[in-house]
Structure formats: structure tokens, C-alpha cells
Ligand SMILES: [Ca+2]
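Okay, here's the thing in C-alpha cells:
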């Protein structure tokens, strides 16, 4: 049984919510809490509360965390967070009074070697916990990070997604560097791997007719998604259009209890700032974090391949038949 904290920027993309739903429907996981990060973490916590309440798991506590990145960048909210989720109103369940960082530090200290944290957004909360408690890294069992790009990728539309563009780590590069340099037991699940796990159309259709609460919530979140996605892409200047419903964050949860879903390589991954040409902006920026594999002693396990069919089938089955 994996005792897990999900640390998430839930609300902006669809897949954080899917990750929480997968965890709730996985008997291999004891979900100790959901912590929120990046931007309006109070609103994100309310979204998590609503989802847990809706599917019948209101006992899972939710904690609002660090909203402002540790560096100078400002957090970006897109303005539609909660659409679909709040269709039938706000939750009765409320976030805990304790903050996310305090909760992480307390739980990990009280349960040395027991707790796995899966981060699905910027790693600001984890970096703050590392700063707050010198024993945190030693006591943490496993830190699984959805983030970074290791192998630059070209998407189905021919758009090069260069190593500088991964959202989660670049939303707080200062925090990412603290975490990478911390000595924690890290598994990195980079976006070049998660872009290989889109749901099939048949799986998406199966959510439409699902009778489970989780299936209904997935369907509800996907309804307003195409327009939200279009606005996100426009606002960040990526000239692309809809290509898939990728299960970035859910894969990160499943890896915690079934590592055989991915092939991992032990690598030294450096979080570096370096002058970086951003072709689409015709700019050179030096505040961007790059995740660069190096020939040094490994500092993490990095997912480099995934059994995509087995994972997406697992996800669909759990959401439809998992009991919540
Ligand atoms: Ca996320």
C-alpha cells in the first residue's frame, strides 16, 4: 500500500483531477492528502474538495499550499479553473486550516520512510518543505515528479516542443533546482513520456456512458475542455491545436504502485539556467530551467518509455469500475 500525498495545480488542465480520481480508485494507494500549489491555491483546494466530495471520498484532507513561485515569476491563472467541476455548485467540504507545507513536513516526519509524494505541478511546496525541515529528504520514501523534458519531442502537428517549454518545472525553476539538488529519492516522469499516453477515442466515449461517479466527473471536466485548451494555447503562444487527451498526471500516480509501467534510466539530471533561444518569441531568456541529462553520478530515475496501452486501459478501467 502506497501512502501518498498528491501535490497538484488542479484546475488548470484536466489531468490533475483525473490523477486524484485514479488514486481514489486504486486499492494500492492510501491517499493521505491532496496539497495544492501555484497561483490561487485556495481555489485549487476547493476544486479538489469538490471532486473528492462528488465521488464519495470526502474524508481525504485537502491543504492549500504555496501560491507564489519561489523565484520572481508571477503565477498564472487562466480564469476558467473549476468549470465543469462546479457545475452543480460549490462543495460543502472545506480545505484544512493547516497549510500544505506544514502538513507535508509533519506527515513525513511522523512516518519516516513511509510517504510518497507525487507532484503534478510546480514543486514549490516540496522545495519549501525541504528548506523547512533538514530531515525531510531523508524521511521521505519517494518523490515522483511529473515534469521536465529529457528527450526533445516533435508533436503530431510537427511543432517542436523544445526542452525549455515544460510547464511544471518552469513555473518555479528556483524550486525545481532546490528539489533536484536535494538528494531525495526522485523518479522523474517527463512530458516526452507522458505525451505517449493519450486516451483513445473509445476510452473517452466510455466515460460518457459511465455510471461511476468518477466517470461522470471525467466526462464533466472534458465537456468544456476544448475551448479552455484553445485559450491556454493562445495565451502561452503555442501555435498548436487540439491533438489528444493526455494522461500526464495519472501516469505519475500509477508509477508509484506499478513501476513496471515505465522503463527507467538512472541519470544525472541537472536543473540549469542558461541563455536559451526561444524561437517562437524571437527572444533569448536566461530565467528558464532546462532539464539536462549529464554524465555524472545519477541523481534520479527517469522514465524513458511507457507501456502506453496497458496504462491507458488501466486508467479507463479504474475510473469506470474502481468503486468511486
Ligand atoms: Ca498538473
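In the numbering used here, the protein residues as written are 1358 to 1681. Just so it is clear, CB atoms sit at the ideal spot from N, CA and C, and this is done for glycine as well.
#1: Excluding the 5 residues preceding and the 5 following residue 1567 in the sequence, name in chain order all residues of the same chain whose CB lies nearer than 8 Å to its CB.
#2: For the region 1472–1486 against the region 1436–1448, do three or more pairs of beta-carbon atoms, one drawn from each stretch, fall closer than 8 Å, so that the two count as touching?
#3: Could I get the ranges of all uninterrupted beta strand (DSSP E) runs contained in the region 1385–1413, with 3 residues as the minimum, in chain order?
#4: Does the separation of the CB atoms of residue 1400 and residue 1363 fall below 8 Å?
#5: Measuring straight from C-alpha to C-alpha, what distance separates residue 1451 and residue 1402?
#6: Could you tell me which residues DSSP puts in a beta bridge with residue 1647?
#7: Report the three-state DSSP secondary structure of residue 1509 (helix, strand or coil).
#8: Which residues in the same chain as residue 1627 place their Cβ atom closer than 6 Å to its Cβ, once the five residues preceding and following it in sequence are excluded?
#9: On a Cα-Cα basis, can you pick out the residue from 1430, 1440, 1544, 1620 that is closest to residue 1646?
#10: Going by DSSP, what residue range makes up the alpha helix (DSSP H) through residue 1482?
#11: Quick one: residues in its chain with C-beta nearer than 7 Å to the C-beta of residue 1508, no 5 flanking neighbours on either side, listed in chain order?
#12: Whose C-beta lies closer than 7 Å to the C-beta of residue 1380 among residues of the same chain, with five residues either side of it excluded?
#13: Does any heavy atom of ligand 1 sit closer than 7 Å to the C-beta of residue 1365?
#14: Tell me the residue span of the beta strand (DSSP E) that contains residue 1529.
#15: Which of helix, strand or coil does DSSP assign to residue 1359?
#16: Assuming residue 1664 is part of the alpha helix (DSSP H), what are its boundary residues?
#17: Quick check on residue 1592: buried or exposed, where buried means 16 or more other Cβ atoms within 10 Å of its Cβ?
#18: May I ask which residues mark the beginning and end of the beta strand (DSSP E) holding residue 1614?
#19: Give, in chain order, every unbroken run of the beta strand (DSSP E) that is at least 3 residues long and sits entirely within the region 1417–1474.
#20: Between residue 1493 and the rest of its own chain, which residues show a CB-CB distance below 7 Å, the 5 nearest in sequence each way excluded?
Looking at the atomic coordinates:
#1: Correct list, in chain order: 1573, 1575, 1576, 1676, 1677.
#2: No, the region 1472–1486 does not touch the region 1436–1448.
#3: DSSP runs (the beta strand (DSSP E)) wholly in the region 1385–1413: 1386–1393.
#4: Not closer than 8 Å, so no.
#5: Per the coordinates, the alpha-carbon of residue 1451 lies some 8 Å from the alpha-carbon of residue 1402.
#6: The partner list for residue 1647 (beta bridge, DSSP) reads 1629.
#7: Looking at residue 1509 - three-state DSSP - the assignment turns out to be coil, as it is neither helix nor strand.
#8: Exclusion of the five residues before and after residue 1627 leaves 1649, 1651 as the residues of its chain whose Cβ lies within less than 6 Å of its Cβ.
#9: Restricting attention to 1430, 1440, 1544, 1620, the CA atom closest to the CA of residue 1646 is found in 1430.
#10: Residue 1482 -> alpha helix (DSSP H) spans 1481–1489.
#11: Closer than 7 Å at Cβ, skipping near neighbours: 1549.
#12: Excluding positions up to five away in sequence, the list reads 1361, 1363, 1386, 1388, 1610.
#13: The answer is yes for residue 1365.
#14: Going by DSSP, residue 1529 is part of no beta strand (DSSP E) at all; its letter is neither H nor E.
#15: DSSP, reduced to helix, strand and coil, places residue 1359 within a strand of the structure shown.
#16: Note, residue 1664: premise wrong, no alpha helix (DSSP H); not H, not E.
#17: Of the residues assessed, residue 1592 falls on the exposed side of the cut-off, its CB having fewer than 16 other CB atoms within 10 angstroms.
#18: No beta strand (DSSP E) holds residue 1614; the alpha helix (DSSP H) holding it covers 1605–1614.
#19: Taking only runs of at least 3 residues, the beta strand (DSSP E) segments lying wholly in the region 1417–1474 are 1419–1421.
#20: Within the same chain, residue 1493 has close Cβ partners 1462, 1465, 1486, 1487.
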